[in-house]
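Down below is the structure, laid out as structure tokens.
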Ligand code: HEM
């Protein structure tokens with residue numbers, strides 16, 4: 001048998017070039033597509049990237065609701081929630097709370113006057129190692145129904161990296177193609193934001209399921225209603241870009257702040273998987289006051305107890321379960337990506353400082 005003729009030099013070079021460049025490139029492509037950068041598929045990283053594109057970089061801070069304050073206190077459960085749910089949080093008793101009050105947006109230096117929404121996140125520590133994490137806004141509806149629509153909304157809100165400007169035409173096009181966002185805008189137009197964090201009502205927005213001691217499931221939406229009466233923000237408040245923080249500190253110096261946790265039960269015909277649609281208010285709707293949230297201390301978010309927490313709304317005790325609202329799973333994944341990014345940036349900054 002004749003020996004195979006030796007490969008010409010140029011063909012060997014081509015093979016070597018292929019091995020050196022193409023194989024690592026292929027491996028990189030596999031890696032990038034695994035982390036979602038080349039995939040047109042929707043995933044949490046793409047959504048968090050889109051949040052980042054709406055502002056300038058702020059390493060170490062939350063990718064949304066970047067400006068906020070840590071708070072601590074407790075939840076005094078009055079036992080009435082047990083009518084709906086076997087969750088340990090509804091057994092009469094006191095449960096420790098770490099929370100965070102914030103405004104939406106990715107800039108931790110945002111002027112409070114720019115915020116039309118106030119937000120409250122809570123982690124309740126329960127018996128047997130359970131927790132209940134809640135993240136609520138001061139609107140009963142969310143602008144979009146699906147994670148895909150949220151991505152489109154964020155892309156319409158992105159800043160041009162060269163000019164730092166947003167394109168109002170893009171937002172208008174988004175709004176024209178998403179009529180479901182009108183309910184949110186209408187609510188904002190008709191309800192001026194509260195003068196403080198302490199006189200806002202906070203809504204869970206998404207429906208959840210409660211499971212009672214007999215295994216009966218019901219759909220509920222919760223809201224946290226302040227004892228302090230609502231007052232609309234006025235021109236005097238708006239003069240200070242941090243008025244929400246200073247107002248809260250001033251209120252806490254006078255004593256603890258209180259809200260009641262109400263559980264509203266779905267009635268026939270209510271949608272349970274659509275955060276853009278509000279349930280009609282009806283005197284026939286079952287509504288249970290499950291107890292009092294008491295906040296008695298605030299700390300900065302730089303070193304307070306809420307710093308490294310992600311208030312993932314799918315962290316629930318036995319007796320409460322998510323609904324089919326598609327935003328819930330997306331939030332769980334996006335909060336984890338945001339937490340991972342901000343904590344690793346903070347660790348890197350600390351390492352550089354040493
Ligand atoms: C019912 C709708 C929603 C409500 C009520 C809500 C509320 C909140 C609140 C209160 C926070 C601040 C939590 C804190 O203080 O640490 C927050 C943070 C955040 N939200 Fe949402 N949100 C909603 C929907 C979404 C969706 C659909 C996404 C994306 C899929 C999203 C992405 C984020 C991210 C990335 C953060 C920062 C998380 C962190 O770094 O800890 N949110 N949200």
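In the UniProt record's numbering, the protein residues as written are 1 to 354.
Idealized CB from N, CA, C, for every residue including glycine.
Just so it is clear, the structure is predicted and the values come from calculations on it, not from any experiment.
Below 8 Å, enough C-beta pairs join the stretch 188–201 and the stretch 133–140 to call them touching: three or more.
Taking C-beta atoms as the reference points, residue 306 and residue 106 fail to come closer than 9 Å. If only complete runs of 3 or more residues are kept, the stretch 50–107 shows the beta strand (DSSP E) at 67–77, 93–103, in order along the chain.
Per the DSSP secondary-structure output, residue 322 pairs in a beta bridge with 208.
Per DSSP, the beta bridge partners of residue 124 are 97, 132. A Cβ-Cβ distance of about 6 Å is found for the pair residue 211 and residue 321, placing them in contact under the 8 Å criterion.
Contact between residue 208 and residue 220 holds, with the beta-carbon distance rounding to 6 Å and staying under 8 Å. By the CB criterion at 9 Å, residue 247 and residue 281 fall outside the cutoff.
Here the alpha carbon of residue 319 sits roughly 13 Å from the alpha carbon of residue 127.
Relative to residue 244, the option among 95, 87, 75, 116 whose CA is nearest is 116. Within the same chain, 77, 78, 79 come within 7 Å of residue 92 by CB-CB distance, once the 5 residues on both sides are set aside. Each of 109, 124, 54, 114 was checked against the Cα of residue 301, and the nearest Cα belongs to 109.
With a minimum length of 3 residues, the unbroken runs of beta strand (DSSP E) contained wholly in the stretch 130–203 fall at 131–137.
In the DSSP assignment, residue 291 falls within the unbroken beta strand (DSSP E) covering 287–300.
Taking each of 153, 177, 178, 176 in turn and checking the Cα distance to residue 166, the smallest one comes out for 153.
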